Amino acid sequence: MPQKKSTTVKIAPKKVKTEKIKIEPLKLQPPRGMKDILPVDQPFWEQVRRVSERLARDYGYLRMDTPLVEYANLFTRSIGESTDIVEKEMYTFTTRGGDKVALRPELTAGNCRSYIQNGMQVMAKPVKIFSTGPVYRYDRPQAGRYREHHQVNFDAFGEQDPILDAQMIQVASRLIQALGIKSIQLQVNSIGCPVCRKSYKELLVSYLESKKTKLCQDCKRRIVTNPLRVLDCKEDKCFQVSASSPQSVDHLCDECRLHFKTLLEYLDELDLLYVINPRLVRGLDYYTKTVFEIWSGSEEGRKLSLGGGGRYDNLIKQMGGEDTPAIGFAIGVERIIEEMRRVQAKPYKPPKPKVFLAQLGNLAKKKSLKMFSELEKNGILVAESFGRGSLKSQLKVANRLGVEITLILGQKETLDGTVIVKNMVTGAQETINAEKLVELIKKKLKSDTVVVYHNN
RNA sequence: GCGGUCAUCGUCUAUCGGUAAGACAUCGGUUUGUGGUACCGAGAAGCUGGGUUCAACUCCCAGUGACCGCCCCA
Numbered sequence: 183m184p185q186k187k188s189t190t191v192k193i194a195p196k197k198v199k200t201e202k203i204k205i206e207p208l209k210l211q212p213p214r215g216m217k218d219i220l221p222v223d224q225p226f227w228e229q230v231r232r233v234s235e236r237l238a239r240d241y242g243y244l245r246m247d248t249p250l251v252e253y254a255n256l257f258t259r260s261i262g263e264s265t266d267i268v269e270k271e272m273y274t275f276t277t278r279g280g281d282k283v284a285l286r287p288e289l290t291a292g293n294c295r296s297y298i299q300n301g302m303q304v305m306a307k308p309v310k311i312f313s314t315g316p317v318y319r320y321d322r323p324q325a326g327r328y329r330e331h332h333q334v335n336f337d338a339f340g341e342q343d344p345i346l347d348a349q350m351i352q353v354a355s356r357l358i359q360a361l362g363i364k365s366i367q368l369q370v371n372s373i374g375c376p377v378c379r380k381s382y383k384e385l386l387v388s389y390l391e392s393k394k395t396k397l398c399q400d401c402k403r404r405i406v407t408n409p410l411r412v413l414d415c416k417e418d419k420c421f422q423v424s425a426s427s428p429q430s431v432d433h434l435c436d437e438c439r440l441h442f443k444t445l446l447e448y449l450d451e452l453d454l455l456y457v458i459n460p461r462l463v464r465g466l467d468y469y470t471k472t473v474f475e476i477w478s479g480s481e482e483g484r485k486l487s488l489g490g491g492g493r494y495d496n497l498i499k500q501m502g503g504e505d506t507p508a509i510g511f512a513i514g515v516e517r518i519i520e521e522m523r524r525v526q527a528k529p530y531k532p533p534k535p536k537v538f539l540a541q542l543g544n545l546a547k548k549k550s551l552k553m554f555s556e557l558e559k560n561g562i563l564v565a566e567s568f569g570r571g572s573l574k575s576q577l578k579v580a581n582r583l584g585v586e587i588t589l590i591l592g593q594k595e596t597l598d599g600t601v602i603v604k605n606m607v608t609g610a611q612e613t614i615n616a617e618k619l620v621e622l623i624k625k626k627l628k629s630d631t632v633v634v635y636h637n638n
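Count the first sequence with this note's numbering and you get residues 183 to 638, in order.
Right, here's the structure in full:
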């Protein structure tokens, strides 16, 4: 749409003064990094919705929706004060009432809050929660990265057995593969519990300090702020350093090591191919033990993370709930859809009307409105173009829609209580009693369906 | 937050310092109440704000947005 030039309008003077008010032209675009999900995009979105809802149901997850807005400290405390997400990417603002709130940057924090608040620990464990919706990060947009994006999220509370980790990873990869993305790479790692991570961190820091001169500027800073992040720096020289750095999996405490080992055994049992990636850290502070990501397996082009997650055994307690182990993961819907398009995965195909209702003349026009609803009530999907007058133009539309049958209701038919039923393939038509219409159409569509089936 | 590329009908793509062209799509028509093709016609654009110039869509500056790299992440 063309943008209107800004106009200067003179407001009629109430007093003596004439005021010129500059009217801001409407910016006919969404804010930066946000976009519309248009009707043409919906088949892909619908496919994601259907597949994820079905998987959620099959694996025993219950849907939960929490607000888009939460108190800001819910996120700062759970995700971590010094993470990038909280530090520079959160949409934080103060309400008129003076509350500091934020647009959710992810779904888990809100789910945990709700779990505790609603006493969901009394439910049979594990409590499995499925949620989906938009999340917000004030980041610089790029393809596959938006300020508003959508996640499909699975969380399970109250089970510490690594079998749940394995099943969660299975759900994640099933979800992505069920959407038609066959080539994926599963990356797993264990970052241990607070106890073993602390000693590992110290070990890592002292190693990095010794190699400090060989690191990039950013990583020198990271040694202090977030040493684990040095491990996934893409700078070549940092890569060299981290290649021979101590790895978290080698410094796990007994419990964490056993947990990880058992998880891998389960994954083998599930025939899930995985890569142990010692560099896999994640951007949120709450993770413990198992972390994983699913990457698009495309050879060429960048490997984009389609989704990821991990265990967060201490979060619920830290937020003030009962000590409850938990694990979860999220996929980024926009990225998944981008990948679906790239590999030409099939979107959802909505049912198309096989019947078109055409009308001619004022009397028929009035009648047709009711006839349409009669058909609809009987489960017959009908298309129409009531606004068009000529039969020719209506048939044109019918043809373009690819319907099998067109019903023609004109002046004469209306008076006779009949309707013309036209076969759009053969062109043959017959005039039938309007009262038998529904029954006849049902019959015709049924037999046509059989024909179509044989043709395929 | 830093660096780079780009911006013309709904979409794709031309052109030009002097009235912006085409294709696809949309809508209408080609005599009566019947579709396709073909043909004819219509509507539809210079992102915004400044500057240079007799004249700017074109040159310059700023803003905005998209894209790419970094940071980070889904």
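The C-beta atom is built at its ideal place from N, Cα and C for all residues, glycine as well. Only a predicted model underlies this, so the values are computations on that prediction, with no experimental measurement involved.
Residues bridged to residue i [DSSP beta-bridge criterion]
{"i": "T472", "result": "S372"}
{"i": "N335", "result": "S313 and A512"}
{"i": "A348", "result": "Its beta-bridge partners do not exist; DSSP assigns none."}
{"i": "N615", "result": "T600"}
{"i": "L591", "result": "Q541"}
{"i": "E330", "result": "Y318"}
{"i": "F554", "result": "F554 pairs with nothing; no bridge assigned."}
{"i": "N605", "result": "I587"}
{"i": "F275", "result": "V283"}
{"i": "Q429", "result": "Beta-bridge pairing links Q429 to no other residue."}
Coarse secondary structure for residue i, derived from DSSP in three states
{"i": "N581", "result": "helix"}
{"i": "G280", "result": "coil"}
{"i": "K531", "result": "coil"}
{"i": "S265", "result": "Looking at the sequence provided, one finds Thr at residue 265 rather than Ser. Coil."}
{"i": "G129", "result": "As displayed, the chain neither begins before 183 nor continues past 638, which places residue 129 out of reach and without an answer."}
{"i": "A135", "result": "Residue numbering for the chain in the displayed model covers 183 to 638; residue 135 lies beyond these limits and cannot be assessed."}
{"i": "S478", "result": "strand"}
{"i": "E566", "result": "strand"}
{"i": "E252", "result": "strand"}
{"i": "G492", "result": "strand"}
{"i": "N293", "result": "helix"}
{"i": "L285", "result": "strand"}
{"i": "S487", "result": "strand"}
{"i": "L244", "result": "strand"}
{"i": "V463", "result": "coil"}
{"i": "V222", "result": "coil"}
{"i": "V299", "result": "The sequence given here has Gln at residue 299, not Val. Residue state, collapsed to three classes: helix."}
{"i": "Q526", "result": "coil"}
{"i": "E621", "result": "helix"}
{"i": "Q359", "result": "helix"}
{"i": "Q500", "result": "helix"}
{"i": "Q667", "result": "In the structure as shown, the chain starts at 183 and stops at 638, and residue 667 therefore has no counterpart that could be examined."}
{"i": "Q229", "result": "helix"}
Rounded Cβ spacing between residue i and residue j (contact assumed at less than 8 Å)
{"i": "T314", "j": "N335", "result": "6 Å"}
{"i": "G489", "j": "A354", "result": "6 Å"}
{"i": "V603", "j": "L622", "result": "7 Å"}
{"i": "G543", "j": "Q611", "result": "Contact doesn't hold; Cβ gap of about 18 Å is too wide."}
{"i": "K307", "j": "G340", "result": "3 Å"}
{"i": "L545", "j": "T596", "result": "5 Å"}
Nonlocal neighbours in the same chain, by C-beta distance under 8 Å from residue i, ignoring five residues either side
{"i": "G374", "result": "Y382, S430, H433, L434, C435, C438, T470 and K471"}
{"i": "R259", "result": "Q500 and M501"}
{"i": "R523", "result": "F226"}
{"i": "T407", "result": "S264"}
{"i": "P460", "result": "N371, L413, Q429, S430 and V431"}
{"i": "C398", "result": "C415, E417, K419 and C420"}
{"i": "A512", "result": "E288, L289, T290, Q333, V334, N335, F336, G489, G490 and G491"}
{"i": "M302", "result": "S296, V309 and F339"}
{"i": "T277", "result": "V283"}
Same chain only: Cβ atoms within 7 Å of residue i, ignoring 5 sequence neighbours per side
{"i": "R411", "result": "R404 and V463"}
{"i": "L361", "result": "Q229, V230, V233, I518, M522 and A527"}
{"i": "V585", "result": "P535, K536, V537, F538, A565 and M606"}
{"i": "K402", "result": "K394"}
{"i": "S575", "result": "none"}
{"i": "L455", "result": "L368"}
{"i": "L244", "result": "K310, I311 and F312"}
{"i": "T600", "result": "T613, I614, N615 and A616"}
{"i": "L452", "result": "A348 and Q352"}
{"i": "E482", "result": "At E482 the pLDDT is 46, less than 50, meaning the model places this residue with poor confidence and gives no usable figure here."}
Neighbourhood of residue i by C-beta distance below 6 Å, restricted to the same chain and skipping five residues each side
{"i": "G503", "result": "I298"}
{"i": "I366", "result": "I358, I476 and G479"}
{"i": "D495", "result": "T470 and P507"}
{"i": "M272", "result": "A284 and P287"}
{"i": "V579", "result": "S567"}
Any non-hydrogen atom of the ligand GTP closer than 7 Å to residue i Cβ
{"i": "I513", "result": "The model depicted lacks the ligand GTP and carries no ligand whatsoever."}
Worksheet item: Counting Cβ pairs closer than 8 Å, one from the stretch 214-228 and one from the stretch 270-286, do we hit at least three?
Response: Segments in contact, no.
Discussion item. Between the stretch 421-428 and the stretch 333-352, can you find at least three pairs of beta-carbon atoms closer than 8 Å?
Written reply: no
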